[in-house]
Each structure stands twice: as C-alpha cells, then as structure tokens.
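Quick note, the sequence shown lines up with residues 3 to 207 if you use the working numbering. What follows is a short report on a single structure.
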Amino acid sequence: MSRCLRWCLAVVVAACATAPAQVIRFESNGLEYQTLSRGGLTIMFAHLPSQVREYSIVQAAVSNGSNTACTVQTQAFEFRSSDGKDLHAEDAERVVSNLLSKASRGDVIKLISTYEIGLYGMSRFRSTNGYEQRRQAAQASMTSTKLSAAAAASAIAFVDVKLNPGESTDGALFFPSRGRLPDASRLRISACGQQFEFEAEPAGR
3 MSRCLRWCLA VVVAACATAP AQVIRFESNG LEYQTLSRGG LTIMFAHLPS QVREYSIVQA
63 AVSNGSNTAC TVQTQAFEFR SSDGKDLHAE DAERVVSNLL SKASRGDVIK LISTYEIGLY
123 GMSRFRSTNG YEQRRQAAQA SMTSTKLSAA AAASAIAFVD VKLNPGESTD GALFFPSRGR
183 LPDASRLRIS ACGQQFEFEA EPAGR
C-alpha cells in the first residue's frame, strides 16, 4: 500500500471515529423503532399504538455496552416541545397505582399483549433485567397461574435500574399527555453522562 493511500485511509478512519452518532431506524412487528448509541450505552424506543387512560406509552430498551455500571432513571425520559415545555415519564409506582384504580383489566391485558408482540419481535435485543424477568418473578410469587392486573402492570412499567456492563433492561414508559404529545416535541434522555435525542413520531400521527 502506497504512503498516500495509507494516509488517506487514516484520514477516513479518523473522520468516522469522530463523527457524531446517528439515530438508526428500523421496523419490527409493525412498530417503528429508533436507536442511538453513545459512550457504550444504547437506547431504543418505539411508540405503542395502545393508549390506556390519559397516557401516551413508549416502549424503551437500554443496553449497557460500556465498561462501567450505569443507572437509568424513569424521570430521565422526557418529551420536550418546541416552546421548551417538558413532559416527563411518570414514576412506575404511580403508574401502577393509576392503572389499578382507573384502567380495566381488559385495558391492561391489551397493553401487555401489544408490548410483548414488540419485545419478542426484536431479534437484535435480549433483555437481562427487564419485563420478562419481572413477569417471571411476579408469576413465581403467586399461587394462581395467571397474572393479576396488578402484577402485570408492575412487570411492564419501566423502573429505575442500575445496569452493570453487559446488562440490559426494557419497559413501558407512561407519559400523562391525555393521549397527545406536545407538538413538534423530541424525546430526550439523560443517562450515564450522555445525552440522547430522538424525533417524536407517535403512532397515528
């Protein structure tokens, strides 16, 4: 390889290494996903077509490919509109309480079914500490073979979690938007010293 060619190749590699991370889009089982990696942390999300009560719902998955432990919090997920207003995901405990007091069992079952279709269809993601693990733990603690609405809602909601290197999680994030997210909003996440930003494109818009 000539010296000139080696120099050109080095320039290209250096440019790729310093280029900003790009949002990647893909479709799985009818859901439109966006994914972005920064600092070894990968976050992907999709809007769920199901709406329960006043909530707009997002399915999120987080994978820690860095060399250090990382804590991801529910409140770190927010939709920011063009006028600067923020809409934060609601705390998992409050979500579960609201679902049990206001939503019907049919609503919860429909939500679980939609979530599972999306989760199990993601061939490129396998959670080590997410919905499936929470579901199994809840199921093991009950005498009935069927999950109650309470257990189902508790299992699906995204919870604050510490991810060690190589670990991943997933869950549903509930935004109290009365079924409509702010106009021209973007999903923003602050996690592990990294800032993630996605275009917000709810299903049906």
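Even for Gly, the Cβ is constructed at its ideal location relative to N, Cα and C.
Inset, instruction - In the DSSP assignment, find the alpha helix (DSSP H) that holds residue 56 and state where it starts and stops. - result: In the DSSP annotation of this structure, residue 56 is not part of any alpha helix (DSSP H), being labelled neither H nor E.
Inset, instruction - Note down, one range per segment and in chain order, each alpha helix (DSSP H) of at least 4 residues found wholly within the segment 83 to 119. - result: 94 to 104
Legend entry - Cut-off 6 Å between Cβ atoms - residues of its own chain near residue 88, not counting five sequence neighbours on either side: 80 and 82
Inset, instruction - Classify residue 162 as buried or exposed, calling it buried when 16 or more other Cβ atoms lie within 10 Å of its own Cβ. - result: exposed
Inset, instruction - Determine the DSSP secondary structure at residue 182, reduced to helix, strand or coil. - result: coil
Legend entry - DSSP state of residue 34 mapped onto helix, strand, coil: strand
Inset, instruction - Could you tell me if residue 91 is buried or exposed, where buried requires 16 or more neighbouring beta carbons within 10 angstroms of its beta carbon? - result: Only buried fits residue 91, as 16 or more other CB atoms lie within 10 angstroms of its CB.
Inset, instruction - Return yes when the Cβ of residue 174 is within less than 8 Å of the Cβ of residue 60, no when it is not. - result: yes
Inset, instruction - Count the other C-beta atoms from every protein chain shown that fall within 10 angstroms of the C-beta of residue 71, then say buried if there are 16 or more, exposed otherwise. - result: Around the C-beta of residue 71, fewer than 16 other C-beta atoms lie within 10 Å, and the residue is accordingly described as exposed.
Inset, instruction - State the start and end residues of the unbroken beta strand (DSSP E) segment that holds residue 201. - result: 196 to 201
Legend entry - Residue range of the beta strand (DSSP E) that includes residue 192: 188 to 193
Legend entry - Whether residue 102 touches residue 54 by CB criterion (8 Å): no
Legend entry - Counterpart residues of residue 169 in DSSP-defined beta bridges: Residue 169 is not bridged to any residue.
Inset, instruction - Go ahead and label residue 26 buried or exposed: buried means 16 or more other beta carbons lie within 10 angstroms of its beta carbon, across all protein chains shown. - result: exposed
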